[in-house]
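Asker: Heads up: the sequence shown begins at 4 in my numbering, then just goes up one per residue.
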Amino acid sequence: MMGRMRFIAGAPQLRCRFIKGSVMVEDTLGSPPSSHPTFALPAPPTRSRRALGMAALLAMLSMSSVQFGAALSAPTMTAFGSLSTTWLRLCWAAIVLAVLVRPKLRGYASAHWLAALALGIAMAGMTLCFFASIERIPLGLSVAIDFLGPLTVATVGVRRWRALVWPLLAIAGVLLLARSGTGWIGGSVAQSLGVLLAAGAALGWGSYIVLMKKTGAAFEGLEGLSISLIAAALVATPFGLIDSGGHIPPMQLAATAGLALLVPLLPYALEMVALRQMPAAAFGILMSVEPAIGALAGFVVLRQPMSVLQLVGMVCVVCASVGVIATATR
4 MMGRMRFIAG
14 APQLRCRFIK
24 GSVMVEDTLG
34 SPPSSHPTFA
44 LPAPPTRSRR
54 ALGMAALLAM
64 LSMSSVQFGA
74 ALSAPTMTAF
84 GSLSTTWLRL
94 CWAAIVLAVL
104 VRPKLRGYAS
114 AHWLAALALG
124 IAMAGMTLCF
134 FASIERIPLG
144 LSVAIDFLGP
154 LTVATVGVRR
164 WRALVWPLLA
174 IAGVLLLARS
184 GTGWIGGSVA
194 QSLGVLLAAG
204 AALGWGSYIV
214 LMKKTGAAFE
224 GLEGLSISLI
234 AAALVATPFG
244 LIDSGGHIPP
254 MQLAATAGLA
264 LLVPLLPYAL
274 EMVALRQMPA
284 AAFGILMSVE
294 PAIGALAGFV
304 VLRQPMSVLQ
314 LVGMVCVVCA
324 SVGVIATATR
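(1) Could you name each continuous beta strand (DSSP E) segment of 3 residues or more that falls completely within the segment 73 to 103, going from the start of the chain to the end?
(2) Taking 9 Å as the cut-off, decide whether the C-beta atoms of GLY326 and LEU180 are in contact.
(3) Please name the residue or residues paired with ARG182 in a DSSP beta bridge.
(4) Is the number of C-beta pairs between the segment 279 to 288 and the segment 254 to 271 that are closer than 8 Å three or more?
(5) For VAL315 and GLY209, what's the separation of their Cα atoms in angstroms?
(6) Ignoring anything shorter than 4 residues, give me the alpha helix (DSSP H) runs that lie fully in the segment 197 to 282, in order along the chain.
(7) What residues in its chain sit with their C-beta under 6 Å from that of ALA201, if we drop five residues either side in the sequence?
(8) Taking the C-alpha atoms as reference points, what is the distance between ARG105 and GLU226?
(9) Thinking C-alpha only, which one of VAL320, SER310, ALA295 and PRO308 is nearest GLN70?
(10) May I ask you to verify whether the segment 85 to 92 touches the segment 232 to 249, counting CB pairs closer than 8 Å and requiring at least 3?
(11) Rounded to whole angstroms, what is the Cα-Cα separation between LEU305 and VAL238?
(12) Which residue spans inside the segment 103 to 136 form an unbroken beta strand (DSSP E) run of at least 3?
(13) GLY176 and VAL311: beta carbons closer than 9 Å?
(14) Would you tell me roughly how many angstroms separate the C-alpha atoms of TYR111 and PHE286, rounded to the nearest one?
(15) So what does DSSP say about SER310, is it helix, strand or coil?
(16) Report the residue from LEU120, ALA82, ALA127 and ALA157 whose alpha carbon sits nearest the alpha carbon of ALA283.
(17) Rounded to a whole number of angstroms, what is the C-alpha to C-alpha distance between GLN313 and MET275?
(18) Check this for me: beta carbons of ILE230 and ALA323, under 9 Å apart or not?
(19) Can you tell which of SER51, ALA54, ALA62 and GLY56 has its C-alpha closest to the C-alpha of ALA272?
(20) For the alpha helix (DSSP H) holding LEU142, just list the boundary residues, first then last.
(21) What's the C-alpha gap between PRO253 and GLY123?
(22) Give me the residue from ALA300, LYS107, LEU108 and LEU154 with the minimum Cα distance to LEU206.
(23) Which class does ARG53 belong to by DSSP, given the choice of helix, strand or coil?
(24) Could you tell me the distance, in whole angstroms, from the CA atom of LEU93 to the CA atom of LEU55?
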């Protein structure tokens with residue numbers, strides 16, 4: 004009987020037809036309406052082109068906000084330190100979103116709270132490592148290394164040997180990006196630390212992608228994001244206090260309040276909404292252009308030019324991301 008409909012002698016026969024978004028089930032043998040009424044089942048949900056287009060726009064706005072926000076943060080981080088600046092930015096974002104959303108503290112299971120806490124830890128690690136890395140290495144290189152995180156997440160789901168060509172292409176692209184006009188980036192202790200921090204950000208970003216979709220589905224609206232941001236701010240507090248020495252100048256408070264809108268508040272909110280409106284594979288393909296946006300932000304805001312080899316490396320990273328997502332969806 005599973006998956007089939009059998010004809011039973013003497014029993015009323017039913018037919019299905021789609022009418023205005025519903026499945027109408029009707030008696031086809033002329034039985035009286037009172038004994039076998041027509042009823043409706045909801046039709047399978049479909050994503051409209053308008054919804055997908057809006058989700059794509061939100062994703063592009065999110066990536067632009069992250070990269071240009073990171074570039075604009077450079078003077079503040081240089082003046083006051085990256086860890087304390089990132090911590091204050093997370094605090095501002097958590098406060099603003101908590102006031103706007105007013106998340107409920109009841110009605111959720113322990114599994115929901117654990118998901119939000121895990122997302123907060125991933126957010127804190129990703130953000131702290133990323134902004135500490137761009138103090139030491141160019142923004143374009145940092146973003147490219149950071150992007151290896153989601154690329155790895157996408158590659159893990161592909162059980163084909165041919166799919167290994169894409170992470171290898173991405174690694175080749177990162178190596179090309181690490182070659183500047185004066186030699187290899189990472190030759191000094193500070194630059195080597197910057198590369199390691201970018202790798203830590205990649206780990207956090209990969210975890211963030213997995214946990215963001217799970218948390219967004221577990222909570223209503225932006226409540227999950229609000230709780231996760233509070234957790235992220237708490238996790239970052241020891242690092243921020245150590246970096247600042249317990250002293251926070253009013254100028255730093257004012258600067259981080261504005262920067263919190265660009266990173267992380269606006270991007271996180273836009274990504275959570277976008278992930279609800281479009282498939283994860285399509286979202287992953289869109290995210291492929293983020294290294295290019297990071298390189299553009301570094302060039303426009305920070306005056307960090309790229310050599311021909313570095314531009315080729317950037318193209319390799321973007322192509323590797325598109326390739327792994329396309330392979331995963333076949």
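Just so it is clear, CB atoms sit at the ideal spot from N, CA and C, and this is done for glycine as well.
Answerer: With the given structure in hand:
(1) none
(2) no
(3) TRP187
(4) no
(5) 24 Å
(6) 226 to 247, 253 to 263 and 269 to 280
(7) SER136, SER145, ILE148 and ASP149
(8) 7 Å
(9) ALA295
(10) yes
(11) 29 Å
(12) none
(13) no
(14) 28 Å
(15) coil
(16) ALA157
(17) 32 Å
(18) no
(19) ALA62
(20) 142 to 149
(21) 26 Å
(22) LEU154
(23) helix
(24) 29 Å
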